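In order, the protein sequences belong to chains R and U. Each number in the working numbering comes from the position in the first sequence (counting from 1) with 92 added on. Each number in the working numbering comes from the position in the second sequence (counting from 1) with 92 added on. Beta carbons are placed, not taken as given, at the ideal position from N, Cα and C, and that holds for glycine. In this text the structure is predicted, and so the values were computed from the model without any measurement. Here's the structure, in structure tokens; my notes come after.
Protein chains: 2
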Amino acid sequence: MTLMIKIQKPTLVVDLARVEQNIIRMANKMKVNGVGFRPHFKTHQSAFIANLFKEVGVNKCTVSSVDMAFYFAANGWDDITIAFPVNILEIDKLNDLAKQIQLNLLLDSIENVNFLGTHLSNSIGLFIEVDTGYLRSGIGVKQLDEIKKIILAIEAFESLNLMGFLSHTGNTYSKIGEKEVKALFSDAKNQLVHLKNQFIKEFPSLILSLGDTPAASICDQFEGIDEMRPGNFVFYDVTQFLIGSCSQTDIAVRVYCPVVAKYPERNQLVIYGGGVHLSKEKVKEKGQVIYGFVSKIKQNVWSDWIEGAFVQSLSQEHGIIYCPKEEMDQIEIGELISVTPVHSCMTADLNAQYLATNGQLISKYRTY
Amino acid sequence: MTLMIKIQKPTLVVDLARVEQNIIRMANKMKVNGVGFRPHFKTHQSAFIANLFKEVGVNKCTVSSVDMAFYFAANGWDDITIAFPVNILEIDKLNDLAKQIQLNLLLDSIENVNFLGTHLSNSIGLFIEVDTGYLRSGIGVKQLDEIKKIILAIEAFESLNLMGFLSHTGNTYSKIGEKEVKALFSDAKNQLVHLKNQFIKEFPSLILSLGDTPAASICDQFEGIDEMRPGNFVFYDVTQFLIGSCSQTDIAVRVYCPVVAKYPERNQLVIYGGGVHLSKEKVKEKGQVIYGFVSKIKQNVWSDWIEGAFVQSLSQEHGIIYCPKEEMDQIEIGELISVTPVHSCMTADLNAQYLATNGQLISKYRTY
Numbered sequence: 093m094t095l096m097i098k099i100q101k102p103t104l105v106v107d108l109a110r111v112e113q114n115i116i117r118m119a120n121k122m123k124v125n126g127v128g129f130r131p132h133f134k135t136h137q138s139a140f141i142a143n144l145f146k147e148v149g150v151n152k153c154t155v156s157s158v159d160m161a162f163y164f165a166a167n168g169w170d171d172i173t174i175a176f177p178v179n180i181l182e183i184d185k186l187n188d189l190a191k192q193i194q195l196n197l198l199l200d201s202i203e204n205v206n207f208l209g210t211h212l213s214n215s216i217g218l219f220i221e222v223d224t225g226y227l228r229s230g231i232g233v234k235q236l237d238e239i240k241k242i243i244l245a246i247e248a249f250e251s252l253n254l255m256g257f258l259s260h261t262g263n264t265y266s267k268i269g270e271k272e273v274k275a276l277f278s279d280a281k282n283q284l285v286h287l288k289n290q291f292i293k294e295f296p297s298l299i300l301s302l303g304d305t306p307a308a309s310i311c312d313q314f315e316g317i318d319e320m321r322p323g324n325f326v327f328y329d330v331t332q333f334l335i336g337s338c339s340q341t342d343i344a345v346r347v348y349c350p351v352v353a354k355y356p357e358r359n360q361l362v363i364y365g366g367g368v369h370l371s372k373e374k375v376k377e378k379g380q381v382i383y384g385f386v387s388k389i390k391q392n393v394w395s396d397w398i399e400g401a402f403v404q405s406l407s408q409e410h411g412i413i414y415c416p417k418e419e420m421d422q423i424e425i426g427e428l429i430s431v432t433p434v435h436s437c438m439t440a441d442l443n444a445q446y447l448a449t450n451g452q453l454i455s456k457y458r459t460y
Numbered sequence: 093m094t095l096m097i098k099i100q101k102p103t104l105v106v107d108l109a110r111v112e113q114n115i116i117r118m119a120n121k122m123k124v125n126g127v128g129f130r131p132h133f134k135t136h137q138s139a140f141i142a143n144l145f146k147e148v149g150v151n152k153c154t155v156s157s158v159d160m161a162f163y164f165a166a167n168g169w170d171d172i173t174i175a176f177p178v179n180i181l182e183i184d185k186l187n188d189l190a191k192q193i194q195l196n197l198l199l200d201s202i203e204n205v206n207f208l209g210t211h212l213s214n215s216i217g218l219f220i221e222v223d224t225g226y227l228r229s230g231i232g233v234k235q236l237d238e239i240k241k242i243i244l245a246i247e248a249f250e251s252l253n254l255m256g257f258l259s260h261t262g263n264t265y266s267k268i269g270e271k272e273v274k275a276l277f278s279d280a281k282n283q284l285v286h287l288k289n290q291f292i293k294e295f296p297s298l299i300l301s302l303g304d305t306p307a308a309s310i311c312d313q314f315e316g317i318d319e320m321r322p323g324n325f326v327f328y329d330v331t332q333f334l335i336g337s338c339s340q341t342d343i344a345v346r347v348y349c350p351v352v353a354k355y356p357e358r359n360q361l362v363i364y365g366g367g368v369h370l371s372k373e374k375v376k377e378k379g380q381v382i383y384g385f386v387s388k389i390k391q392n393v394w395s396d397w398i399e400g401a402f403v404q405s406l407s408q409e410h411g412i413i414y415c416p417k418e419e420m421d422q423i424e425i426g427e428l429i430s431v432t433p434v435h436s437c438m439t440a441d442l443n444a445q446y447l448a449t450n451g452q453l454i455s456k457y458r459t460y
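Encoded structure:
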């Protein structure tokens, strides 16, 4: 195995066995609960990893941009939801895409319904994006009159097929532990089921699409939800670990970084590995801002996190690791060290490819 | 001019007239003060923009990685300092590079001196990286005995040429206003000049290399400094504006982002423009965390910042803009809006190219 010999600079390493395990676990959970599974591919952005989903019977997916939809369409995915408020400036590309695949878009305004209805020549599915308290995008779940008007506007166009209501309960990210996440998800679910019930008689095919990794990982009551769209669970990360969505051994990615300097007098190591490799995403843990957890690499495989060690700050290319003295004595300049990212979606996005722990290079889509 | 028609998704737009103005101003300032100028190219990472430096007589540069050095070497730059603690895992590439150009590296340990001395077959320049209080990398400026030992170790190898002392006073970034930045820079300069004076008799050619955009922009006393290495000034950004390094009209880059949703009831707009386009870099201003300032675009040109408006949060692809009601009424879904990044180096790094305001596409180096 020549993996380590090849790594000379910050490199995103992925454990495909863990990825497969995460996919199988989530797919089974959705199946057992009778919930549709439309995983979000914005985390891995890779046709190779998407194929691992196909192997467990998944045939529809979610993406976060029009270009990412084109990438997966070109790689055999023919039922894709772009879970982002429709960007009408990309209307020509959307029309192209709708010709090729079953394309689902989301919106929350009559203006956008009318725009799509009058500009699309190919038919699409439409979700009304609904907000249950996250306050990012989507119409408030209680604005029944406005929602009704949007539905009627959609019905007026033959090319627009009402799919149902879609929500991202991203506020689970601010919750810690099973109890809090379950309570928030249960509340969001109840609001959405209530909404659905207002319209289901008139529109019997409409569905509820929800999905975020904390809820999908932690919760076990999905009645009323037709479809879940988690994405991050394929890799997991420090944020999910701290929320309680996964264990340390579920996290499937690390960034291997060269150690370039040691300052034992201030318990700090400098790594080649900065914001351009890890992203500047951070999280607060026990009052301390951290940019990643740290572990040694033994025989090409990352070990458990070094207790008390963490990435303390990031510049463009420098990472500063705080490390207890005893552990520090065992780390040499020129050694590779492993960093578990705070937010694997953002870290993965910075990379044009992954290196699998078996030495295989895995290609992926790139934002630009 | 078809610039606006082409933009459908988040796009980094650069005003080349401002870039040129920033370059000319800084080059003149260094010339007038008799200070060498080795600009850091990690901000723009573009051979095209590097040529604008050549036009004002600059013939040496600084980069932050070995691969970036290869990119600029391939584009005609033959005197490059990699201002990052030497990564000995890249020794073969360093040896290749040293064959092609005048390559300067930095280190702060005898171990790395010995490693380079015994592994390089081509000669290089070496800076001892010194720390004056930023506590990122570099040996403490007062550790004279250790510094002496490193110098002697360097002298033992014919391929290693002692260039001098290099420091990055990145702690200017935590200072606000002329007085604070000047005081910090003056203190760092005094420490470094004192260090240089200890060794200048024995090593008369050694130089002091310093550099960061706040000090280079704000200060006017550079006696004793041989070379400055600012980088960010080529574009500037919100951080530099808040420090006092530049005015709003000096900032040469914006990210043009489509408006995809409006929520007047909570004074928020949603843009297509997230952490993958802007980076998650943030700054605190008047107690408020901000991810960028915001302006309208009129006839393809960005206007002044909308007072009271700012990017309030970022997800992977979503940006949430807080906007006063009156201004919000004048912004439509499907319109492009301009975001001034908090940290232009990080934002630029996320892009494979720039769009100039004259419609020209400008290529650049990419981290991966």
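Under the three-state reduction of DSSP output, R/K388 falls in the strand class. Per DSSP, R/E377 is one residue of the beta strand (DSSP E) stretching across 375-377.
Straight through space, the alpha carbons of U/L104 and U/M122 are spaced by roughly 29 Å.
Chain R places a beta carbon closer than 9 Å to that of U/Q360, counting this residue as a contact. Put simply, the CB of U/I413 is far from chain R, with every gap to its CB atoms at 9 Å or more. The residue from R/G323, R/N324, R/A308, R/S201 with its alpha-carbon nearest to that of R/I317 is R/A308. Around the beta-carbon of U/S213, fewer than 16 other beta-carbon atoms lie within 10 Å, marking it exposed. Ranked by Cα distance from U/E357, the options R/R228, R/N263, R/G209, R/I310 are led by R/R228. Judged by DSSP in its simplified three-state form, U/C437 adopts helix. For U/T210, the secondary structure class from DSSP, reduced to helix, strand or coil, is helix. A straight line joining the alpha-carbon of R/T341 with that of R/R117 spans about 14 Å. Within the segment 340-358 of chain U, the residues whose Cβ lies closer than 7 Å to some Cβ of chain R are P350, V352, A353, R358, listed in chain order. Fewer than three pairs of CB atoms, one per stretch, sit closer than 8 Å, so the segment 326-340 of chain U makes no contact with the segment 358-370 of chain U. When rounded, the separation of the alpha-carbon atoms in U/K293 and U/L254 is 14 Å. Taking 9 Å as the cut-off, the Cβ atoms of U/G303 and U/H132 count as close. Of the other Cβ atoms in all chains shown, fewer than 16 fall within 10 Å of the Cβ of R/N450; this residue is therefore exposed. Residues of the segment 147-181 of chain R whose Cβ lies closer than 8 Å to any Cβ of chain U, in chain order: S156, S157, V158, D159, F176, P177, V178, N179, I180, L181.
DSSP places R/R458 outside both helix and strand once states are collapsed to three, so it counts as coil.
Where U/P306 is concerned, the enclosing alpha helix (DSSP H) starts and stops at 305-310. By the C-beta criterion, the segment 176-183 of chain R is judged not to be in contact with the segment 394-404 of chain U, since fewer than 3 inter-stretch pairs fall below 8 Å. For R/V368, the CB contacts under 7 Å within the same chain, skipping 5 residues up- and downstream, are Q408, E409, L442 in chain order.
U/L208 places its beta carbon less than 9 Å from that of U/I183. At a cut-off of 9 Å between C-beta atoms, U/T210 does not count as an interface residue with respect to chain R.
In the DSSP assignment, R/T103 forms a beta bridge with R/Y348. Around the beta carbon of U/N167, a 10 Å sphere encloses fewer than 16 other beta carbons of the protein chains shown; the residue is thus reported as exposed. U/I116 sits in a helix when the DSSP states are folded into three classes. Contact check for U/L144 against U/I172 fails: the beta carbons are separated by 9 Å or more. Along the length of the segment 259-313 of chain U, whole beta strand (DSSP E) runs at least 3 residues long occupy 299-302, reported in chain order. With respect to the 9 Å criterion, U/L186 and U/V158 are classified as neighbours on the basis of their beta carbons. The beta carbon of U/K372 lies closer than 7 Å to those of L406 in the same chain, with the five residues before and after it left out.
Cβ neighbours of R/G262 within its own chain (closer than 8 Å, five residues either side excluded): Y226, R228, D304. Interface with chain U (9 Å Cβ-Cβ cutoff): R/H369 is included. Inside the segment 387-416 of chain R, DSSP marks whole beta strand (DSSP E) runs of 3 or more residues at positions 393-406, 410-414, from first to last along the chain. One alpha carbon belongs to U/H260, the other to U/L287, and they sit about 15 Å apart. Using a 10 angstroms sphere on the CB of U/T210, the tally of other CB atoms stays under 16, which defines it as exposed. Note that the C-beta distance between U/L428 and R/L181 is below 9 Å.
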